[in-house]
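Student:
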Amino acid sequence: MLGDSGQKFRRDGFGFENDYQQSRTYSFAAEALACLQTIQVVLDLGYRDVVIEGDSRTIVKKLHAQNEDGSVISAYITDAKSLSEICDTCIFKHV
């Protein structure tokens, strides 16, 4: 017989997320989406040399990574990288 913590562990072991993991995922998704939308706006305004600053070190690392991102926010990261290639200079910085 398992207690609550044991049941939670079993559920987590089978791929279910707890509330903390889920809220972190939403936070990263929001940061990645904000970055993607920023690049879109910058391009729409005609700028080609940009510095994009963000406070999520994880997102900035993913944007700098050469390998393909396999996380749940990979679509945002891939799209942001693709759009950034349109710019003459696009620098992602952690602040």
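When we follow my numbering, the leftmost residue of the sequence shown carries the number 366, and every step to the right adds one.
Every residue gets a Cβ at the ideal spot worked out from N, C-alpha and C, and that includes glycine.
Keep in mind that this is a model prediction, so the values were computed, not measured.
1) Ignoring anything shorter than 3 residues, give me the beta strand (DSSP E) runs that lie fully in the region 380-437, in order along the chain.
2) Report the option in I404, D453, Y391 whose CA atom is closest to the CA atom of E418.
3) Along the chain, where does the alpha helix (DSSP H) that runs through I442 open and close?
4) In chain order, what residues of the same chain lie with their CB nearer than 8 Å to the CB of T443, ignoring the 5 residues before and after it?
5) Check the C-beta distance from K458 over to V416 and give it rounded, since I have them as a contact under 8 Å.
Tutor: Short version:
1) 414-419
2) I404
3) Its alpha helix (DSSP H) spans residues 439-449.
4) Excluding residues within five positions, the ones whose Cβ falls inside 8 Å are E433, D434.
5) 6 Å
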